[in-house]
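Visitor: Here's a structure for you.
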Amino acid sequence: MPKEFLLPLLTYEQTFAILVDMEDALELLDLAVGGVAMFEGSRLLDNDLRSAVLGVQRHIDRLKVLHAGLLHEADKRRVWDIAGYRDVADWLAGVTKTSKGDAASRARLGAALGASDALKQAAENGDVSAATAESLFDALADRPSGASDADVEELVEACKGADPRDAKSAGEQWRDRHSGETAEQAEERRYAKRSVRTRNLGDGMGQLTAILPLLDLRQVTNSISHVAGKPCEADERTTEQRLADGLVQLCIAYAKGQVAGGREKPTLLITTTADAYTGRTADDGFTAHGDRVPAHLVRFLAEQANLQRVLIAGAHILDLGREVRYATDAQYKALVVRDGGCRRPGCHIPAAWCDIDHLLAWEDGGATDLDNLVMWCRHHHTQKHRPGVTVLGGVDDLRLRLADGTIVHCPPKGNPAGRSATRPRTEAAA
Ligand SMILES: [Zn+2]
């Protein structure tokens with residue numbers, strides 16, 4: 001009997017009873033989709049149109065969840081491992097011509113659902129949208145060792161009805177809570193993963209992949225965006241192309257010894273509470289992009305920052321204060337002369353690329369004067385703030401005691417004669 005006649009004549013149970021295989025089921029689905037397609041949107045009344053949009057979305061979500069489950073199984077059994085595909089997403093994108101990003105998103109959803117039955121159940125029931133389920137991928141796919149099944153269920157429960165952004169944030173906090181790591185250890189772990197890789201793509205093109213802590217990434221993109229200049233009206237470049245130009249311009253300028261932007265810090269806006277800033281609470285700060293910034297990191301970054309105090313009561317801004325505690329230009333030049341670059345022995349990062357550090361933190365009463373300021377490169381500055389590192393002595397006899405007890409002497413390096421005060425060294429021919 002032609003399948004077109006199955007639906008009107010049979011009950012659900014009867015219909016499902018005669019399904020022989022997946023192919024039959026897909027044909028049945030085809031038929032149902034064809035039925036929905038018969039009703040043109042332009043002919044629907046407003047109410048019906050509204051229901052149609054939401055109803056179809058519900059089915060799309062349900063199918064996405066089903067699809068992701070199948071995809072996850074396909075991944076586990078490596079059925080994609082044919083014809084040189086790199087992974088399950090690469091295979092799906094290659095065969096169906098969907099974008100790599102779309103395929104990767106489906107694979108992430110599958111992996112998240114595969115990692116938790118509770119999430120799978122919630123997604124199948126429509127308690128959690130496909131997008132929200134996918135946003136839990138990072139938290140669940142590599143489940144922290146301290147998290148039990150009950151903890152996972154608690155997270156899923158908390159994300160019912162949440163939008164993807166809130167769920168992602170809840171997932172991150174949940175991960176932090178159950179990882180058994182302190183905020184500092186988590187930071188250290190992330191920092192250790194930093195990398196820049198290059199790859200030849202053929203056809204005269206290459207690919208640069210940078211993996212960075214989120215704040216460093218924001219700093220990099222802000223800086224190269226700054227170098228690339230503001231897009232003007234006649235500028236037909238995409239954002240991606242502008243950033244690429246900025247990166248290349250910066251590197252060419254560096255190679256020519258023309259980099260002079262050492263003191264211009266493209267702005268990174270972070271909001272935090274006064275209590276978190278002074279260490280009374282450990283509330284996260286947030287960037288203007290909505291990235292979470294752990295409290296200890298906010299305090300670390302605040303050392304380099306201009307602070308703007310905002311006093312708020314409800315929706316009313318009562319007071320705006322501005323406190324600049326960044327070294328003045330005169331102090332900066334004096335520091336360049338005295339320290340000559342990063343104070344760690346053996347480090348050759350020039351002054352223009354260094355951070356200025358308050359030995360006694362500003363919020364602990366440390367003054368912005370030369371007896372309390374030293375230069376570190378970003379790497380050694382980060383190291384100085386790691387748990388277990390203590391500062392001994394003052395700017396003249398500065399020593400660091402590392403976590404393992406090693407004492408490192410960090411004398412000022414001075415400014416070699418003839419060396420430009422604000423630029424990396426390039427030897428003149430004459
Ligand atoms: Zn250094």
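In this text, residue positions in the sequence shown follow the UniProt record's numbering: the first is 1, and each later residue adds one.
Every residue gets a Cβ at the ideal spot worked out from N, C-alpha and C, and that includes glycine.
Is any heavy atom of ligand 1 found at a distance shorter than 8 angstroms from the C-beta of R344?
Guide: yes
Visitor: Do you know how far the Cα of Y277 is from the Cα of P424?
Guide: Reliability of the predicted coordinates at P424 is poor, the pLDDT of 38 falling under 50, and the value obtained from them is presented with this limitation in mind. Their backbone Cα atoms lie some 34 angstroms apart in a straight line.
Visitor: Tell me whether I270, by its Cβ, gets closer than 8 angstroms to a heavy atom of ligand 1.
Guide: no
Visitor: When the Cβ atoms of the region 170-190 are set against those of the region 135-155, are three or more pairs found closer than 8 angstroms?
Guide: yes
Visitor: Please state whether the Cβ-Cβ distance between A186 and S195 is less than 9 angstroms.
Guide: Using a Cβ distance threshold of 9 angstroms, A186 and S195 do not count as a contacting pair.
Visitor: Enumerate, from N- to C-terminal direction, the unbroken beta strand (DSSP E) stretches of 3 or more residues contained entirely within the region 170-222.
Guide: Listed in chain order, the complete beta strand (DSSP E) runs (minimum 3 residues) inside the region 170-222 are 195-202, 205-211.
Visitor: Using 8 angstroms as the threshold, is the region 217-225 in touch with the region 240-258, meaning 3 or more CB pairs across them?
Guide: yes
Visitor: Do you know how far the Cα of K384 is from the Cα of L217?
Guide: Their backbone Cα atoms lie some 21 angstroms apart in a straight line.
Visitor: Roughly how many angstroms separate the alpha carbons of A104 and L201, rounded to a whole number?
Guide: 20 angstroms
Visitor: Determine the direct distance from the alpha carbon of W91 to that of D102, and round the result to whole angstroms.
Guide: Distance between the alpha carbons of D102 and W91: 12 angstroms.
Visitor: Please report the straight-line C-alpha distance between G190 and E303, rounded to a whole angstrom.
Guide: Per the sequence shown, the amino acid found at residue 190 is Arg instead of Gly. C-alpha separation (whole angstroms): 21 angstroms.
Visitor: Taking 8 angstroms as the threshold, find out whether the region 81-97 comes into contact with the region 122-133 through three or more Cβ pairs.
Guide: no
Visitor: Quick test of the definition: if touching needs 3 or more C-beta pairs under 8 angstroms, does the region 69-82 touch the region 50-61?
Guide: no
Visitor: Hey, how far is the Cα of G204 from the Cα of A253?
Guide: 23 angstroms
Visitor: Assign T182 to buried or exposed, taking buried as 16 or more other Cβ atoms, counted over all protein chains shown, within 10 Å of its Cβ.
Guide: exposed
Visitor: Just to confirm my understanding: we take T271, look at its own chain, exclude 5 residues before and 5 after, and list those with CB closer than 7 angstroms. What are they?
Guide: G285, F286
Visitor: Going by DSSP in three states, V33 sits in which element: helix, strand or coil?
Guide: helix
Visitor: Take P412 as the anchor and find which of R401, V395, A330, T382 has the nearest alpha-carbon.
Guide: Checking every option, the nearest Cα to that of P412 belongs to V395.
Visitor: Give a yes or no on whether 9 angstroms exceeds the smallest Cβ distance from D283 to chain D.
Guide: Annotation note: the requested chain D is absent from the structure, which comprises a single protein chain.
Visitor: Below 6 angstroms CB to CB, which residues in the same chain sit around K100 once its five sequence neighbours on both sides are set aside?
Guide: A93
Visitor: I349: beta carbon under 8 angstroms from a heavy atom of ligand 1?
Guide: True, at least one ligand heavy atom lies under 8 angstroms from that Cβ.
Visitor: Which residue spans inside the region 317-386 form an unbroken alpha helix (DSSP H) run of at least 4?
Guide: 329-339, 378-384
Visitor: Should A351 and D339 be called a contact, given that it needs their Cβ atoms to be closer than 9 angstroms?
Guide: yes
Visitor: Can the beta-carbon of H379 be found closer than 9 angstroms to that of I349?
Guide: yes
Visitor: Using a Cβ-based criterion (distance less than 8 angstroms to any ligand heavy atom), does W91 qualify as near ligand 1?
Guide: Flag unset: Cβ of W91 not near ligand 1.
Visitor: Please classify V116 as buried or exposed, where buried requires at least 16 neighbouring CB atoms within 10 angstroms.
Guide: Correcting the residue type first, residue 116 is Ser in the shown sequence and not Val. Counting Cβ neighbours within 10 Å, S116 comes out buried, since at least 16 surround it.
Visitor: L243 to V220, Cα distance in whole Å?
Guide: 10 angstroms
Visitor: Please confirm whether any heavy atom of ligand 1 lies closer than 8 angstroms to the CB of H379.
Guide: yes
Visitor: How many angstroms separate the CA atom of T390 from the CA atom of A123?
Guide: 50 angstroms
Visitor: Which partner residues of T272 appear in the DSSP bridge assignment?
Guide: DSSP, once it has assigned bridges, lists no residue as partnering T272.
Visitor: Please specify which runs of the beta strand (DSSP E), each continuous and at least 3 residues long, are wholly inside the region 131-166, giving them in chain order.
Guide: none
Visitor: So does W362 have its beta carbon nearer than 8 angstroms to some heavy atom of ligand 1?
Guide: no
Visitor: What separation, rounded to the nearest whole angstrom, lies between the Cα atoms of D291 and L214?
Guide: 8 angstroms
Visitor: Need the endpoints of the alpha helix (DSSP H) that T239 sits in, please.
Guide: Residue range 239-255 is occupied by the alpha helix (DSSP H) that includes T239.
Visitor: Work out the CA separation of N372 and V152 for me, nearest whole Å.
Guide: 48 angstroms
Visitor: Determine the direct distance from the alpha carbon of H296 to that of D21, and round the result to whole angstroms.
Guide: 57 angstroms
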